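What follows is one structure encoded as structure tokens, with my remarks underneath.
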Amino acid sequence: MVLVVDAYAPLVVAAVLLLLLLAFAFEVRPPEVVAIAAVALLLALGILTSDDLLKALGNSAPLSIAGMFIVSASLVRTGLLDDFAGMVTARAKESPRAAVAMLLALVAALSAFTNNTPLVMMMVPVGIVLAKQLGEAPSKLLMPISFAAVLGGTCTLIGTSTNLLVDGVATEAGLAPFSIFEIAPVGIIVAIAGVIYLVVARPLLPDRVTIASLADKADDKRFTVSVAIEEGSPFIGQAPASISAFSRGDRRLIDLIRGQSSMRDNLARTLLQAGDVLILRCPAKDLLTIKESASMRLAGPDDEPDLIALTSRTSTVIEALLLPDAQIVGHRFSDLAIRRRYNVHPIALHRRGSNLRERFENVVLEPGDTVLLEGEHEDIDRFVESEKLVNLAEPKARGFRTSKAPIALAALVAIVAGASFNVLPLPALVTLGVAAVLVTRCIEPEEAFGSVDWRIIALIVAMLAIGTALEKAELVEMAVAAVTPALGGFAPWVALAAIYLLSLLLTELVTNNAVAVVVTPIAIKLAVALDSDPRPFVIAVMFAASASFLTPIGYQTNTLVYGAGGYRFGDFMRFGSPLTVVVAVVTLVAIPLLWPL
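Each residue of the sequence shown is one higher than the one before, counting from 5 in our numbering.
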């Protein structure tokens, strides 16, 4: 049923697109949710049909992107990426400063063939260790790692999901599919120039404090102690936050357990009752063994006999990063019962440049958050592994099937070689590669399909459907007709620069995949209107849509290092602005030289 008259369809679709971009920019809801809602609205209005949705699902990009997620995950599970990370850490022992250049170059090279998110996830702990060896804050290295991954991803067609999506949209518009290394000449030049900037300009980065610095130094041995409040205790009826015995010297109150519930977020208002259990962190000098059993009593003045230790254990404090597929994303610590399930205590949360220490248990967790965890090493490892977090304290090997590493590598090489010689279309090659790593058990099915970021896939499919709506409403033709007279009197490179700048601006405001779908058709039709080759214009969209260096939200890996490095929003603008100019100039000079306009 058509609810919108054809004459008004362009206005309606334009309004929906504007609302969509605003919702992206202001993060009203997750991008995939906003995009799906926009598709639903266009379906309800009769502008899109079920056939249009099937057309979006039939695009080659979602299949290729999902498959590359799985192939990349097999490289992680077989330990191949760990081996590369080990090369950097080994070099760091001999020459830490040379290891920085090696690390960034390695990240750029690997990101040309693997998914950026797991790569950055594995290299962030390496960067933190390297920063410590250099006597620097992690903020001096983590942003360059993310940017190096972005730069390297522009070197091949499979380097980023954006490249694959632009290729899919361009192919549907009638262009010949891009070969896997077609954009490599420009990509390599851009990557080299960018990595040189990252190495040379690192002093511009600030020294930022992360939540790990809120914890005691790892060398200072600490104990987590559970103490009970007994009948007749003078502390009954008092708020634990106001009792000096719990915060004297190096002691710190972590939690209050009443029954099976944590009262940590109400320590200032909760009054102690008999039977309450307090969780304290204190140095070894505050513990005194009273008999051969496990019972302990806190050492201190005589006015503390009411604190009877139930258990004590050595504890460690680490900082963990929440990935997009972390099990606890979208939940609150207050609802997760982590203390009971893992014997691990969340202490603080870092988000968007702020360290949250009070009432963070009621905050809904998001990808890119970093959390300070306290507990025994084994308990923390179990929690991090089960919930799919990243321990930022150490570059820990994640490969469980190292004997399968040659198979996983062979699958990736076969995809690249097959695409280079046009043996089969890329989606078919990726499917064969996925089958190879699954059948040979380089990765288990649950791990493989769990490694796919289905939110990105949902966003891409939804945006492809919205792209169809733009096409049906002829909005692209209208936009091109409006700007062609203004650009027609200039050389074609001016139009190329305009497309690049439009893509770049939108990428920093919304998601790069949305930019790929919206701007690629405009670039093609504008080139045709100006009697130019559309191919260099499409390549400009690829590079600009990936060149997100100005904000932490334009690219997923930027979001990951945002919290891990303790950055502020403006840090990306200050360090990323010169890089944005470098990449833009190199790209806009190189493209016309290699693809005449």
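Even for Gly, the Cβ is constructed at its ideal location relative to N, Cα and C.
As the structure is a computational prediction, the values presented were derived from the model and not from experiment.
Query                                                                                                                                                                                              : Result
Would P525 count as contacting chain B if we go by Cβ distances under 8 Å?                                                                                                                         : The question asks about chain B, but that chain is absent: this structure has only one protein chain.
Taking the alpha carbon of Y566 as the point to measure from, which residue in L138, E98, A324, G191 has its own alpha carbon closest?                                                             : A324
Could you tell me which uninterrupted alpha helix (DSSP H) segments, each at least 4 residues in length, are contained entirely in the segment 118-199, listed from first to last along the chain? : 120-138, 146-157, 165-176
Please confirm if the segment 505-517 is in contact with the segment 20-34, defined as three or more CB-CB distances below 8 Å between the two stretches.                                          : yes
Quick one: give me the first and last residue of the alpha helix (DSSP H) that V394 is part of.                                                                                                    : Unbroken run through V394 is the beta strand (DSSP E), 393-395; no alpha helix (DSSP H).
Between which two residues does the alpha helix (DSSP H) containing D339 stretch?                                                                                                                  : 337-340
Could you compute how far the alpha carbon of I69 sits from the alpha carbon of Q560?                                                                                                              : 15 Å
Roughly how many whole angstroms lie between the Cα atoms of S424 and A188?                                                                                                                        : 12 Å
Buried or exposed: where does G580 fall if 16 or more other Cβ atoms within 10 Å of its Cβ makes it buried?                                                                                        : buried
Could you tell me the boundaries of the alpha helix (DSSP H) in which D329 lies?                                                                                                                   : No alpha helix (DSSP H) holds D329; DSSP gives it neither H nor E.
Find out if the Cβ-Cβ distance for the pair A473, V17 is shorter than 8 Å.                                                                                                                         : yes
Exposed or buried, which one is L597 when buried takes at least 16 other CB atoms within 10 Å?                                                                                                     : exposed
Kindly list the residues whose CB is nearer than 7 Å to the CB of A141, restricted to its own chain and excluding five residues on each side of it in sequence; keep chain order.                  : A135, D211, R212
Under 8 Å, with one C-beta from each stretch per pair, do the segment 458-470 and the segment 37-56 reach the 3-pair mark?                                                                         : yes
Is it buried or exposed, Y346, if we count other Cβ atoms within 10 angstroms and call 16 or more buried?                                                                                          : buried
Go through its chain and collect everything with a Cβ distance to N366's Cβ below 7 Å, but skip five positions before and after it.                                                                : D269, R336, S338
For G178, which option in V104, A544, K529, F576 has the closest C-alpha, if you only look at C-alpha atoms?                                                                                       : K529
Would you mind stating whether L58 and S143 have Cβ atoms separated by less than 8 Å?                                                                                                              : no
Under a three-way DSSP split, which group does G570 fall into?                                                                                                                                     : coil
Is the beta carbon of A232 sitting closer than 8 Å to the one on A272?                                                                                                                             : no
Is it true that the CB of G131 sits closer than 8 Å to the CB of L146?                                                                                                                             : yes
Name the one or two DSSP bridge partners that H349 has.                                                                                                                                            : E378
Between the Cα of A623 and the Cα atoms of E478, I526, V542, P148, which residue gives the shortest distance?                                                                                      : In this structure the chain extends from 5 to 601, so residue 623 is not present and cannot be described.
What number of angstroms, rounded off, separates the C-alpha of F151 from the C-alpha of S78?                                                                                                      : 24 Å
Grouping DSSP H, G and I as helix and E and B as strand, with all else coil, what is L284?                                                                                                         : strand
How about L635 and V333: do their beta carbons lie closer than 8 Å?                                                                                                                                : The requested residue 635 does not occur in the structure, where the chain is confined to residues 5 to 601.
Can you name the residues that DSSP bridges to D259?                                                                                                                                               : I283
Distance, Cα to Cα, A568 vs V375?                                                                                                                                                                  : 9 Å
Over the uninterrupted alpha helix (DSSP H) stretch that includes K476, give me the two end residues.                                                                                              : 458-476
Determine whether the beta carbon atoms of G83 and A469 lie at a separation below 8 Å.                                                                                                             : no
Give me, in chain order, the residues of the same chain whose beta-carbon lies closer than 6 Å to that of P309; leave out the 5 immediate sequence neighbours on both sides.                       : With a pLDDT of 47 at P309, under the threshold of 50, the modelled position of that residue is not reliable, and no figure is offered here.
Please classify T53: does DSSP put it in a helix, a strand, or coil?                                                                                                                               : coil
Could you work out which residue in A113, L282, E481, F73 is closest to I192 when comparing CA atoms only?                                                                                         : A113
For A174, collect the residues of the same chain with a Cβ closer than 7 Å to its Cβ; drop the 5 residues on either side in sequence, then sort them by chain order.                               : T524, I528, V542
In the DSSP assignment, find the alpha helix (DSSP H) that holds I69 and state where it starts and stops.                                                                                          : 64-81
So what's S552 in DSSP terms, helix, strand or just coil?                                                                                                                                          : coil
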